[in-house]
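This report refers to the structure that appears directly beneath it.
2 protein chains.
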Amino acid sequence: MENLQSADVVGLFVQLAALLAAARLLGEGMRMLRQPPVVGEILAGIVLGPTVLGHIAPGFQKALFPMEGPSWIAVDGIATVGVALLLFVAGLEIDLGAVRRLGRAAVGTGALALAIPLTLGTALGWLAPGFFGAVTSAGHSPLTFALFFGVALSIAAMPVIAKTLIDLDLFRTDVGMVVMSAATFNDLVGWIAFSIVLGMMGGEAHGASSVWVTIALTLGFTAACMTLLRAAVHAVLPWIQSRMSWPGGVLGFVLVLALLASAATEAMGIHAMFGAFLAGVAVGDSVHFRERTRETIHQFVTNAFAPIFLAAIGLKVDILAHFDGPLVATVFALACAGMIGGASLGARWGGFPPREALAIGLGMNSRGAMEIILGLLAFQAGLIRETMFVALLLMAVGTSVMSGPLMKRALGLGNRKQLMDLLRPALYVKDLGAVSSRRAIDVLAGLASKAAGLPPERIADEVWRREEEVGTGLGQGIALPHARIPGLKRPVLVVGRSAEGIPFSSPDQAPSHLVLLLLSPADDPVGHLETVASLTRRLHDPATREAVHRAATFDELRAAFATAPEHGAMAKVAVS
Amino acid sequence: MENLQSADVVGLFVQLAALLAAARLLGEGMRMLRQPPVVGEILAGIVLGPTVLGHIAPGFQKALFPMEGPSWIAVDGIATVGVALLLFVAGLEIDLGAVRRLGRAAVGTGALALAIPLTLGTALGWLAPGFFGAVTSAGHSPLTFALFFGVALSIAAMPVIAKTLIDLDLFRTDVGMVVMSAATFNDLVGWIAFSIVLGMMGGEAHGASSVWVTIALTLGFTAACMTLLRAAVHAVLPWIQSRMSWPGGVLGFVLVLALLASAATEAMGIHAMFGAFLAGVAVGDSVHFRERTRETIHQFVTNAFAPIFLAAIGLKVDILAHFDGPLVATVFALACAGMIGGASLGARWGGFPPREALAIGLGMNSRGAMEIILGLLAFQAGLIRETMFVALLLMAVGTSVMSGPLMKRALGLGNRKQLMDLLRPALYVKDLGAVSSRRAIDVLAGLASKAAGLPPERIADEVWRREEEVGTGLGQGIALPHARIPGLKRPVLVVGRSAEGIPFSSPDQAPSHLVLLLLSPADDPVGHLETVASLTRRLHDPATREAVHRAATFDELRAAFATAPEHGAMAKVAVS
């Protein structure tokens, strides 16, 4: 019996901690810059790997990540499980219903966003394999490489796209719906195409007839997952949820399913992650699969497993040493031209005006982690050189970073303020004391005046007029005086607290210990209502109210709001 | 760069799937027998390992679990991370406040439940190391073995104990509170004592002075975690929760903390899991650490990581080949005598009457997975023979299984019916049709009659009398007619549905499509109210109402109730 020795265990835990810490920190940093966290998680590996740390302190880097021996095997095993679970979660998000309901615009966008980059990549990969980093000596056929390059240019990254749309508040618009439906279609078909390429790579080792066997197996397995497995899961979920512990029973069941499907596809010569993806699609399609189970898996995978996998990628390559300028520029240009061009054309054909069609193309252009995973597999299988892997990695990071800002520009959007952006230490009064509601409003209006760029009396008068019409005490010790103010440029939220309580008129007649003064521009009634709704929804949760009242500092108060449950359909993709 | 090859990846996924599937299935089986799931999860490994599968199909067993090579190293790595996270979760559950507030009874119970088995085990381990399976040739001092045996008899398993108390509905009683406080104290002190024994084992390799260094390091690290780390976590959590994504930021932070603490203790020569446990105590003590984060970690660890670790234990030992009858019987008898005796004496001293003191002792006696983990570490470190490991494993399983039934007997409790036990296919009417509310009650009362052992007219009349006093329509298409009936032995719940709707009087005047007829014994008003509350609480959730109305079969209806959110303080331990 072989076991990890004590030194291996130390190494394993230190490597996992370093990868997870760096990935989460840089991921959060990117989030603060309004960029997709996945970009930071990939950068973390580049920082910890040969590219940065390996150049600064090669001995230390090598000691931290030996890349061989039992501790590294264990890290690699965990990262492998991590990428399978990441694809399982991506599969859960696929809405087959949306694919079935696809309108003309979404069909055109999805089909052209796949077909054009696929054709472009396959043609160029066939014509100039040497330039595009094909390993010519490895015995792979030129067609395999050409198809790989086509697929690598054409798969979009749904989770990153969804996150970008949510950030821009476009998720529920026409543009957003078309992008999401098209990306779903693109993801599903693209992964099937990629699994065929993988099958060809695997099959070549055993001769030409074996390639067709693998392709047939892939298509057969896909069909079986989409029909038999999907029906079986749908039939068995109610039984599991009614007889077994909740959510332990269903959690164990779907994880076992994901692991078995992974093992099956890996054994067929495709990668484990493809099976996990199909298992995710089959599970996620059942209406019996409940939100809380999805949420638990999603949180743990996106915040623990996926960052470890994503950061581990950067350990495997020295970007500086394998940076080929012309190749990087060409791959990047082809990827953008193919995807933006294809998706925009499709959207135009579907009837969108030019600006919005362009925005749809820019939205589809995010590659997230998907192209990197493809590149890593091809690199490890000896199909492409390190230079091409680096080019794909940089293309994926670049397209993900530029998607949001360019879409915003194409549509002429401003920065939308989120509730959490409004809570600022400078707009906080620790203790208003035992004063009248009028006096409290005056004090808070005085504080708001500078941020609002308006005289305090005008603010106070507007708020007070509203307050006299209808009391804004919400009950349970909280008041939310508010007004829409002509001439105000952007919303302002001032927070005051009072140990003694302030007599705002409220349903339960109790004095208010927390006063939230909200000012919104008069010409943005929707934004105003959304902020009010966001505040009251959070304060509706008893645990949040308790945390709010208990908060001793501004940070604790802010944390109480940040961690409050925000119910709604978007919650499930908000962390991607 | 070493990577897992395709065959290793297949092996890894198949092994994980087999371990998880067997562990969850047997765990659920145990749950249905009202036994702790952890027992089933341990049995799963015994079934898949050399003890059962290895005797039936040795070639297949060896192919499935080769116990060597990259795929096994990866499984072992995941199991190692799993046990560290399991202890981290156990640490999160430690309520330092409860330890500080300990009353006389809890102090006595905790102290004697630790001291008596510890003394007993140490003394006998010192006197007869050979009989108790000490490895005399390995260079460990006799004192190390004696202390190990003492500790192995004296640590209680808090999660199993909590689950048993909840099942018996004793969690919030005096008996339950004393057992939980004493178990918390016992867990905390017991693990510190065990880490010292581990330090002694590790230190011996480097000479006697090194033993003291390790002990000093252990105590210093423990003190640092309980003071500095605890304060730092408490100070930094609001900042993280207010600035970073939620719950991703805090999830990543606490996992990194757990991994680093694990690496630190492993490097000191104690086991990684001790560091994870202390990190859990430090994190769980902060009021800023929110329930949802705890819940996400808890669900994923108890349903994915822990079962894999627990099942992997059984792979490492052939119980039949190393079964030493006298040793097993003696260890079992000593463990029970020490723990039940010690805890009962302490509870008597604290003022509990004999029956309840005995119940407290029986409650503390569950060993769960903890003694098995201790035994495994000692076995792998060469301190004990396989026979002793088997004896500890069987003792842990045996004490966990017998705790619930014996407590019930000592206190003279009956089986308490849970809501989910009341929902039975025989008490379900698929379509009542378009009838009056009186007629619907008659039909449901007829069905209830056999289960209740009472004539249908008497039931229908009682329910109708109540119905005429006050309409029991809850609104939203659901009615809950109910009555407390003299002479009824146990509660009965009959469920009827109606596609057309039945005119029960309800706040929204809407007809009822789901009718829940609840009958409770007249002499159990509390049980009646609890069932009503449990039903209405679940139906208060919009997603549950939707699932209930959509359910096409009885299983789907039952699943809708089973997966409904049940808010309450007990939720967090209910899955242990």
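First to last, the protein sequences are chains A and B.
Counting in the working numbering, the first sequence runs from 5 upward without gaps.
Counting in the working numbering, the second sequence runs from 5 upward without gaps.
C-beta: ideal position from N, C-alpha, C; glycine also.
Fair warning: this is a prediction, and the values are worked out from it, not measured in the lab.
query	result
I463 of chain B versus R442 of chain B - alpha carbon distance	12 Å
Partner residues on chain B for P251 of chain A, Cβ-Cβ distance less than 9 Å	Q303, N307, T567 and V579
Environment of S580 of chain A [buried if 16+ CB atoms lie within 10 Å]	Any reading at S580 of chain A is ruled out, since the residue's pLDDT is 28, under 50, leaving its predicted position unreliable.
Contacts of N7 of chain B in chain A (Cβ-Cβ under 7 Å)	D80 and Q384
Proximity test, Cβ basis, 8 Å: G345 of chain A and chain B	no
Test: G256 of chain B CB closer than 8 Å to a CB of chain A	yes
Pairwise C-alpha distance: L331 of chain B and F136 of chain B	7 Å
Reference L30 of chain B; option with closest CA among B:A11, B:V13 and B:L52	B:L52
Rounded separation between R501 of chain A and A563 of chain A - CA only	16 Å
Short Cβ contact (8 Å threshold) for A280 of chain B with A268 of chain B	no
Chain-ordered chain B contacts of V552 of chain A [CB-CB under 7 Å]	Within chain B, no residue comes near V552 of chain A; the closest Cβ sits about 12 Å away, beyond 7 Å.
Contacts around S453 of chain A, its chain only, beta-carbon distance under 7 Å, and the 5 residues preceding and following it disregarded	P459, P460 and I463
Within 8 Å, strictly: CB atoms of L90 of chain A and A310 of chain A	yes
Three-state secondary structure (DSSP) of A325 of chain A	coil
Chain B residues whose Cβ lies nearer than 9 Å to that of D559 of chain A	P242, W243, Q245, S246 and R247
Supposed close pair L8 of chain B, A78 of chain B - CB separation, criterion 8 Å	7 Å
Within-8 Å CB hit, V260 of chain B to chain A	yes
Neighbourhood of V498 of chain A by C-beta, 6 Å cutoff - its chain only, sequence neighbours within 5 removed	L431, L448, L451, A452 and L521
C-beta atoms of L523 of chain A and I312 of chain A nearer than 8 Å	no
Under the three-state DSSP convention, the category S440 of chain B falls into	coil
For T334 of chain B and V577 of chain B, the rounded distance between their alpha carbons	With a pLDDT of 32 at V577 of chain B, under the threshold of 50, the modelled position of this residue cannot be trusted; read the value that follows with caution. Going from the Cα of V577 of chain B to the Cα of T334 of chain B covers about 32 Å.
Short Cβ contact (8 Å threshold) for G114 of chain A with S185 of chain A	yes
is_contact[M574 of chain A, chain B] using C-beta, thresh 8 Å	Model confidence at M574 of chain A stands at a pLDDT of 33, short of 50, so the residue's coordinates are unreliable; what they give is reported in the following sentence. Cβ-Cβ to chain B under 8 Å: no for M574 of chain A.
contact_flag[the region 362-380 of chain A, the region 335-345 of chain A] where n(CB pairs < 8 Å) is 3 or more	yes
Residues bridged to H486 of chain A (per DSSP)	A:L522
Members of the region 17-28 of chain A that neighbour chain B once the beta carbon cut-off is set at 7 Å	F17, V18, L20, A21, L24, A25 and R28
For S538 of chain A, the nearest candidate out of A:I445, A:P429 and A:Q422 (CA to CA)	A:Q422
Counted within 10 angstroms of its Cβ, other Cβ atoms place M277 of chain A as buried (16 or more) or exposed	buried
Chain A within 8 Å of G294 of chain B, Cβ atoms only	A small correction: the amino acid at residue 294 of chain B is Arg; Gly does not occupy that position in the sequence shown. Yes, R294 of chain B counts as interfacial toward chain A.
Neighbour flag for E45 of chain B against chain A, beta carbons, 8 Å	no
Test item: CB-CB of P485 of chain A and V519 of chain A under 8 Å	yes
Short CB-CB distance (under 8 Å) between E3 of chain A and chain B	Residue numbering for chain A in the displayed model covers 5 to 580; residue 3 of chain A lies beyond these limits and cannot be assessed.
H532 of chain A, DSSP secondary structure in three states	helix
Straight-line Cα distance separating L397 of chain A from P74 of chain B	28 Å
Where V530 of chain A falls, given that 16 or more other Cβ within 10 Å makes a residue buried	exposed
Collapsed DSSP secondary structure at E72 of chain A in the structure displayed	coil
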